[in-house]
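Same order as they appear, the protein sequences are chains W and X.
According to our numbering, the first sequence holds residues 37 to 152 in order.
According to our numbering, the second sequence holds residues 95 to 205 in order.
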Amino acid sequence: NAGVTQTPKFQVLKTGQSMTLQCAQDMNHEYMSWYRQDPGMGLRLIHYSVGAGITDQGEVPNGYNVSRSTTEDFPLRLLSAAPSQTSVYFCASSYSMGATSTDTQYFGPGTRLTVL
Amino acid sequence: GQQLNQSPQSMFIQEGEDVSMNCTSSSIFNTWLWYKQDPGEGPVLLIALYKAGELTSNGRLTAQFGITRKDSFLNISASIPSDVGIYFCAGRIQGAQKLVFGQGTRLTINP
Chain W
37 NAGVTQTPKF QVLKTGQSMT LQCAQDMNHE YMSWYRQDPG MGLRLIHYSV
87 GAGITDQGEV PNGYNVSRST TEDFPLRLLS AAPSQTSVYF CASSYSMGAT
137 STDTQYFGPG TRLTVL
Chain X
95 GQQLNQSPQS MFIQEGEDVS MNCTSSSIFN TWLWYKQDPG EGPVLLIALY
145 KAGELTSNGR LTAQFGITRK DSFLNISASI PSDVGIYFCA GRIQGAQKLV
195 FGQGTRLTIN P
């Protein structure tokens, strides 16, 4: 049981490049989400998914796309990278979200992205 | 925007001291979670709280779900060097399908 895994661990992009951050979980969790962490800002929600085929926007969705074709995977796509997207990105999952005691989220190790 | 106020933002203490931090909001929460983040790692769950008034311990850590459902507290007793890190509160507002996070408390321990 690997929990939540993320790849790559580090990435450097040039402005305008696109890339996909990978996230996978093997806990059969329905709910998955992406956060970005910036100094002094805590964790801010980018996008989330309550199950395969269903996604929704979080607090800071601009410049990012997601899809959820399987329960296990929830990739985050940067369409045209900008320096403002330099951040640490965390993927997290939980059994569900909205029912007490099943909404505890478990985090991956993060992807550290630098956009030049 | 940010809906949780976490304080203090940072703490500098001596090894062996007790630590207290808290999170407050103007909204009613159904769930409170406390996480710890070590440098270069993802947040790790410490304690989960699901009922108003609930008091839960995990070793030297104790957290409480406030009776108003608008706040939560985390206490660490007899701090040790490995307690260093950033502590985050998080919660799910009643009816919401997402967590909101506090800005974190950075704990530094002088040996």
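A virtual CB, placed ideally from N, CA and C, is assigned to each residue, including glycine.
On a predicted model such as this, the values are computed, not experimentally measured, just so you know.
Query - Residues near residue 85/W in its chain [Cβ-Cβ closer than 8 Å; skip 5 each side] - result: 67, 68, 69, 91, 92, 102, 104 and 110
Query - Beta-carbon proximity of residue 56/W to residue 113/W, cut-off 8 Å - result: Yes; because the gap between Cβ atoms is below 8 Å, this pair is in contact.
Requested in this report: Would you identify the three-state DSSP class for residue 121/X, choosing helix, strand or coil?
Outcome: DSSP places residue 121/X outside both helix and strand once states are collapsed to three, so it counts as coil.
Query - Contacts of residue 135/X in chain W (Cβ-Cβ under 8 Å) - result: Neighbours of residue 135/X on chain W, chain order: 145 and 146.
Query raised in the report: According to a CB-to-CB cut-off of less than 8 Å, which residues of the segment 92 to 109 of chain W neighbour chain X?
Result: 92, 94 and 95
**Report entry** As assigned by DSSP and simplified to three states, the class of residue 120/W
**Finding:** helix
Report task. Along the beta strand (DSSP E) that carries residue 157/W, what are the first and last residues, could you check? Result -> Since the first residue shown for chain W is 37 and the last is 152, residue 157/W is missing from the structure and cannot be characterised.
Requested in this report: Give the DSSP-derived three-state secondary structure of residue 103/W in the structure shown.
Outcome: coil
**Report entry** Own chain partners of residue 151/W with C-beta closer than 7 Å, once the 5 adjacent residues on each side are dropped
**Finding:** 49, 51, 117, 118, 119, 121 and 122
**Report entry** residue 101/X and residue 116/X closer than 8 Å at C-beta
**Finding:** yes
**Report entry** Contact residues within the segment 76 to 88 of chain W, judged by C-beta distance below 9 Å to chain X
**Finding:** The residues in question are 76, 77, 78, 79, 80, 81, 84 and 86.
Query raised in the report: Since residue 165/X is in the beta strand (DSSP E), which residue starts that stretch and which ends it?
Result: Per DSSP, residue 165/X belongs to the beta strand (DSSP E) from 165 to 170.
Query - Burial state of residue 153/X (16 or more Cβ within 10 Å) - result: exposed
Query raised in the report: Can you name the residues that DSSP bridges to residue 99/X?
Result: 118/X
Query - residue 130/W versus residue 128/X: straight-line alpha-carbon distance, rounded - result: 15 Å
Report task. Would you please verify whether the beta carbon of residue 122/W is less than 8 Å from any beta carbon of chain X? Result -> no
Query raised in the report: Apart from the five residues on each side of it in sequence, which residues of its chain come closer than 8 Å, Cβ to Cβ, to residue 54/W?
Result: 113, 114, 115, 116 and 117
Report task. Check the Cβ of residue 186/X against every Cβ in chain W and list those closer than 9 Å, keeping chain order. Result -> Contact note: residue 186/X reaches chain W through 133, 134, 136 and 139, using a C-beta cutoff of 9 Å and chain order.
Query raised in the report: For residue 176/X, does the three-state DSSP call read helix, strand or coil?
Result: Residue 176/X falls in the helix class under three-state DSSP.
Report task. Just grab the DSSP bridge partners of residue 141/X for me. Result -> 128/X
Query raised in the report: Just checking my contact of residue 61/W with residue 40/W at CB under 8 Å: how many whole Å lie between their CB atoms?
Result: Rounded, the Cβ-Cβ distance is 5 Å, consistent with contact.
Report task. Grab me the residues of residue 114/X's own chain with a C-beta within less than 7 Å of its C-beta, minus the 5 sequence neighbours each way, in chain order. Result -> 167 and 169
Query raised in the report: Which whole-angstrom value is the C-beta distance of residue 73/W and residue 124/W, which I expect to be below 8 Å?
Result: 5 Å
Query raised in the report: Mind checking residue 45/W: buried by the 16 CB within 10 Å criterion, or exposed?
Result: exposed
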